[in-house]
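Residue numbers (my numbering): 76 to 373.
A quick write-up on the structure given underneath.
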Ligand code: CP
């Protein structure tokens, strides 16, 4: 059975720290080169800019051969199942698959395959590589996770980023608070609080995108953009209440003036674009780890 990278659930604290350290070292100039020819394919059944592009750069940086694959021109369009598409790639010799898919836990049906899978996001389930680059960014800023207070605010119910980060950060010793409109809350994740009650005391203010694509087709817009921003977004007033040492995060893409005021996206406390840069290094570290775990010579 291959070792996959599909959820934060099974990743030990030791592995998380190892990957964070490795990604920071790669950012500081260390190199990872995979000597033997290995093929990788990126299967994106949902749109992506950051995850797809940073994987493609990371793959080339470590010396992997990237096999072009576009869902829109593949036999997926003729009705081929996800399993059959992945099995085909395995049989022609692809060594690692990166998959983003709208179905939660899509990887469960791929259990019988003999090729490692890195999850680029499954529905509202998990986004482990985003979580890892978020952890790297937090660690770079604070040097620890222990004792930090992380506020995750936004469309929590529909967010795979919230699920992965909540799981990992709690395991690593952080306190995780959530803030969301009532109908986007998920009480199984933890404590929901009012943004204005905690904004001046958090170390990390992690904003999440309003996930229109996951909302019920019949759900009428519950707010105007302005109403959402005023009630649940990072306004200038709220930004000014943050601690001097606090950081502002967002996995992006950002809905400017909705989750965050347009002028704050690149403000001093914002690490939003640094997160994207870190994604390329963290994805190199993850590719290296997955290949090592599967006893494929690096
Ligand atoms: N954060 C993130 O997953 O962005 P993309 O959807 O652009 O990959």
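Even glycine gets a Cβ: it sits at the ideal position worked out from N, Cα and C.
All of these numbers come straight from a predicted model, not from anything done at the bench.
- Distances from the CB of residue 177 to the heavy atoms of the ligand CP are all 7 Å or more.
- Just so you know, the alpha carbons of residue 117 and residue 169 end up roughly 10 Å apart.
- For residue 108, same chain residues with a beta-carbon under 7 Å away, outside a window of 5 residues either side, are 137 and 138 in chain order.
- Excluding the 5 residues flanking it on each side, residue 355 has same chain C-beta neighbours closer than 7 Å at 129, 132 and 133, in chain order.
- Across the structure, residue 147 and residue 275 are spaced so that their CA atoms are roughly 46 Å apart.
- Membership of residue 119 in the beta strand (DSSP E) is indicated by the continuous run 114-119.
- Remark: the C-beta of residue 124 is in contact range of the ligand CP, defined as less than 7 Å to any heavy atom.
- Spatial neighbours of residue 184 in its own chain (CB-CB distance under 8 Å, excluding positions within 5 residues in sequence) are listed in chain order as 157 and 158.
- The stretch 247-319 is shown to contain whole beta strand (DSSP E) runs of 3 or more residues at 250-254 and 279-282, in chain order.
- Here residue 240 is buried. Its C-beta has 16 or more other C-beta atoms within 10 Å.
- In the same chain as residue 163, and ignoring 5 residues on each side of it, no C-beta atom comes closer than 7 Å to its own.
- For residue 326, same chain residues with a beta-carbon under 6 Å away, outside a window of 5 residues either side, are 205 and 236 in chain order.
- Shortest gap from the CB of residue 205 to any heavy atom of the ligand CP: under 7 Å.
- For residue 197, the three-state secondary structure derived from DSSP is strand.
- Under the 10 Å beta carbon count, residue 230 is surrounded by 16 or more other beta carbons and is classified as buried.
- Secondary structure remark: continuous beta strand (DSSP E) runs of at least 3 residues inside the stretch 139-179, in chain order: 140-142 and 171-176.
- The continuous alpha helix (DSSP H) containing residue 347 extends over residues 347-368.
- In the displayed model, residue 321 falls within coil according to three-state DSSP, outside both helix and strand.
- With at least 16 other beta carbons inside 10 angstroms of its own, residue 249 counts as buried.
- Placement of the Cβ of residue 327 at a distance of less than 7 Å from at least one heavy atom of the ligand CP is found.
- Taking C-beta atoms under 8 Å as the contact rule, residue 328 and residue 284 qualify, at a distance of about 6 Å.
- For residue 263, the number of other beta carbons within 10 angstroms of its own is below 16, and it is reported as exposed.
- Rounded to whole angstroms, the gap between the alpha carbons of residue 198 and residue 261 is 15 Å.
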